[in-house]
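Structure first, commentary second.
Chains as they are written, first to last, in the working numbering: chain A, 32 to 305; chain B, 508 to 732.
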């Protein structure tokens, strides 16, 4: 992401908008700038801010006069008055930041379909998490903190030692060079991203061990984690396997994403006679 | 994807928060799913949604090339039609409701429409159970959130967290939520204007402006008392 210094008028509106607090105003140059190490290329400044196309020269003069008499204009807080943000072309490994941070950008060249996964949202047609199994989504970095891949690798290595099953259709699994050890690609380890989700599943008797591991590893890595944990309901639509375990372990679990079971196969399937 | 699971708040705080979304699955029910996804959204428009999205834009999107008069008179109408017309390939579409009645009535019509798509409801477990029971369906799977682990004290206070986590992709920054709280407290913006500012940053359209307004109103009341 770039702030065009010819356009920027240092109004500071973008400073609060950045989820990573990577934008600041240089008071000597009278321009906003982006800390490239902290920027995760999420596009919030470029896409999320509304824009005007005002003349930067005129706006700077008006702002200078207003500043000299301590007059504060109260603009809309989400508007860039001069459309100063520009999206630049990114290459590997930096592009990985955008893939995992900008929810509206797809990069088919890398083979990764964004950071999201289907989890149990399509479990009624895919049965990723079947009866007796427990699915986990361990999200790193969100909200508002970010994470580097080498920190995620600490968790994937720990999970690998526990013998869990990594979900194959998951962007982090795709970046693993060794599923047995949980190693990620070396060229991306220092890249910072807004968030990533590691997706695994185990038998129900592993819940306590997995959750304890998440907590222990989180203490070693400077970020936040959020755990989603899923199970299939029984024939009566009740979830009676996982919830008692979570109660026993004193985990609050009052909010959930509930798959209502309305999905079915609708694609045409061509049968071949042999 | 919508990423609505990890919204922050206690169980009671989700009384006005119901995110219903439909998602096709590649190779299973994605063929010719675009018209069904559009019809799903059209059904949702009939039950007083407070936001809607197609994964690329919400019903109140950022405006490019504004006229300076916008600083005094800002457009804030929900644009359902752009969200519906913007569905051009298989993907997640969603609608947000602020009452159990609207969410239930909408779910009933979605069930009748029999799209064959996976449909999820993101809210409290009890709310979702209630909707399923009223609609006469059995839940298939549940994904619980266990909340945030924050051993290094990165996260802000509960009000900022509740406002920011309504965009599940983290596009609503803590700083912006804090700024809106301050602007409302100082009387520089109404709760509605502040909520509309926040909702524009959520590109998937799952941000709940009604819940945001309630949270902001509660903050003012706490300040008053």
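The beta-carbon is built from N, C-alpha and C at its ideal position, and this holds for glycine as well.
One or two residues paired with residue i in a DSSP bridge
i	result
residue 178 (chain A)	A:224
residue 165 (chain A)	A:233
residue 39 (chain A)	According to DSSP, which records beta bridges pairwise, residue 39 (chain A) is partnered with nothing at all.
residue 554 (chain B)	Per DSSP, none; premise fails for residue 554 (chain B).
residue 525 (chain B)	B:604
residue 64 (chain A)	A:55
residue 250 (chain A)	Per DSSP, none; premise fails for residue 250 (chain A).
residue 560 (chain B)	B:565 and B:601
residue 288 (chain A)	B:629 and B:650
residue 259 (chain A)	A:168 and B:652
residue 117 (chain A)	A:33
residue 644 (chain B)	For residue 644 (chain B), which the question treats as bridged, DSSP gives no partner whatsoever.
residue 131 (chain A)	According to DSSP, which records beta bridges pairwise, residue 131 (chain A) is partnered with nothing at all.
residue 197 (chain A)	A:231
residue 207 (chain A)	A:215
C-beta atoms of residue i and residue j nearer than 7 angstroms
i	j	result
residue 114 (chain A)	residue 82 (chain A)	yes
residue 191 (chain A)	residue 172 (chain A)	no
residue 239 (chain A)	residue 193 (chain A)	no
residue 704 (chain B)	residue 174 (chain A)	no
residue 624 (chain B)	residue 294 (chain A)	yes
residue 285 (chain A)	residue 518 (chain B)	yes
residue 611 (chain B)	residue 638 (chain B)	yes
residue 535 (chain B)	residue 291 (chain A)	no
residue 50 (chain A)	residue 680 (chain B)	yes
residue 648 (chain B)	residue 154 (chain A)	yes
residue 62 (chain A)	residue 41 (chain A)	yes
residue 678 (chain B)	residue 709 (chain B)	yes
residue 233 (chain A)	residue 165 (chain A)	yes
residue 541 (chain B)	residue 594 (chain B)	yes
residue 569 (chain B)	residue 79 (chain A)	yes
residue 118 (chain A)	residue 167 (chain A)	no
residue 640 (chain B)	residue 259 (chain A)	no
residue 135 (chain A)	residue 563 (chain B)	yes
residue 578 (chain B)	residue 108 (chain A)	no
residue 227 (chain A)	residue 183 (chain A)	yes
residue 254 (chain A)	residue 176 (chain A)	yes
The ligand NAD heavy atom lying under 6 angstroms from the CB of residue i
i	result
residue 535 (chain B)	The ligand NAD is absent from the structure shown, which contains no ligands of any kind.
C-alpha distance - residue i paired with residue j, whole-angstrom precision
i	j	result
residue 251 (chain A)	residue 697 (chain B)	42 angstroms
residue 247 (chain A)	residue 713 (chain B)	32 angstroms
residue 202 (chain A)	residue 646 (chain B)	28 angstroms
residue 141 (chain A)	residue 720 (chain B)	Because residue 141 (chain A) carries a pLDDT of 43, less than 50, the predicted location of this residue cannot be relied on, and the following value inherits that uncertainty. Going from the Cα of residue 141 (chain A) to the Cα of residue 720 (chain B) covers about 40 angstroms.
residue 144 (chain A)	residue 510 (chain B)	With a pLDDT of 46 at residue 144 (chain A), under the threshold of 50, the modelled position of that residue is not reliable, and the figure given next carries that caveat. About 15 angstroms.
residue 521 (chain B)	residue 631 (chain B)	6 angstroms
residue 181 (chain A)	residue 716 (chain B)	37 angstroms
residue 665 (chain B)	residue 256 (chain A)	16 angstroms
residue 71 (chain A)	residue 225 (chain A)	6 angstroms
residue 728 (chain B)	residue 691 (chain B)	11 angstroms
residue 613 (chain B)	residue 621 (chain B)	13 angstroms
residue 151 (chain A)	residue 237 (chain A)	19 angstroms
residue 734 (chain B)	residue 561 (chain B)	No statement about residue 734 (chain B) is possible, as the shown extent of chain B runs from 508 to 732 and does not include it.
residue 544 (chain B)	residue 566 (chain B)	16 angstroms
residue 162 (chain A)	residue 289 (chain A)	16 angstroms
residue 596 (chain B)	residue 38 (chain A)	36 angstroms
residue 57 (chain A)	residue 116 (chain A)	16 angstroms
residue 662 (chain B)	residue 241 (chain A)	23 angstroms
residue 587 (chain B)	residue 546 (chain B)	12 angstroms
residue 34 (chain A)	residue 549 (chain B)	39 angstroms
residue 589 (chain B)	residue 275 (chain A)	44 angstroms
residue 124 (chain A)	residue 205 (chain A)	15 angstroms
### Task
Taking only beta carbons into account, state which residues of the region 43-55 of chain A come closer than 9 angstroms to chain B, listed in chain order.
46, 47, 48, 49, 50, 51 and 52
### Task
Within the region 660-697 of chain B, note down every full alpha helix (DSSP H) run reaching 4 residues or more, in order along the chain.
665-671 and 681-692
### Message
Closer than 9 angstroms between beta carbons: that is the criterion. Which residues of the region 616-629 of chain B meet it against chain A?
### Response
617, 618, 621, 622, 623, 624, 625, 626, 627, 628 and 629
### Query
Any residues in the region 557-572 of chain B with a beta carbon nearer than 8 angstroms to a beta carbon of chain A? Which ones, in chain order?
562, 563, 569, 570, 571 and 572
### Residues, ordered as in the chain, of the region 698-730 of chain B that lie near chain A by beta-carbon distance below 8 angstroms
704, 707, 708, 710 and 711
### Interfacial residues, the region 243-260 of chain A to chain B, with Cβ spacing under 8 angstroms
Listed by position, the residues of the region 243-260 of chain A near chain B (Cβ gap below 8 angstroms) are 245, 246, 249, 250, 253, 254, 255, 256, 257, 258, 259 and 260.
### Task
Name, going along the chain, the residues of the region 111-133 of chain A whose beta-carbon falls closer than 7 angstroms to a beta-carbon of chain B.
Result list empty, no residue passes.
#### Entry: Contained beta strand (DSSP E) runs [length at least 3] in the region 67-113 of chain A, N- to C-terminal order
none
### Query
Any residues in the region 68-79 of chain A with a beta carbon nearer than 9 angstroms to a beta carbon of chain B? Which ones, in chain order?
73, 74, 75, 78 and 79
### Query
What residues in the region 82-108 of chain A bring their beta carbon closer than 8 angstroms to a beta carbon of chain B?
82, 83, 84, 85, 105, 106, 107 and 108
### Task
Report the residues of the region 217-232 of chain A with a CB closer than 7 angstroms to any CB of chain B, ordered along the chain.
Taking a C-beta cut-off of 7 angstroms against chain B, the contacting residues of the region 217-232 of chain A are 225 and 226, listed in chain order.
### Message
Taking beta-carbon pairs under 9 angstroms, can you tell me which members of the region 269-291 of chain A lie near chain B?
### Response
269, 270, 273, 274, 277, 282, 283, 284, 285, 286, 287, 288, 289, 290 and 291
### Task
Scan the region 148-163 of chain A for residues whose Cβ lies nearer than 8 angstroms to a Cβ of chain B and list them as they occur along the chain.
148, 149, 150, 151, 152, 153, 154, 155, 156, 157 and 160
### Query
In the region 603-617 of chain B, which residues sit with their C-beta less than 9 angstroms from some C-beta in chain A, listed in chain order?
614 and 617
### Residues, ordered as in the chain, of the region 670-687 of chain B that lie near chain A by beta-carbon distance below 7 angstroms
671, 672, 676, 677, 678, 680, 681, 682, 683 and 686
### Positions along the region 187-221 of chain A whose CB lies within less than 8 angstroms of some CB in chain B
none
### Message
Can you pull out the residues from the region 640-651 of chain B whose beta carbon lies closer than 7 angstroms to at least one beta carbon of chain A?
### Response
Against chain A - using a Cβ distance shorter than 7 angstroms - the residues of the region 640-651 of chain B are 644, 645, 646, 647, 648, 649, 650 and 651.
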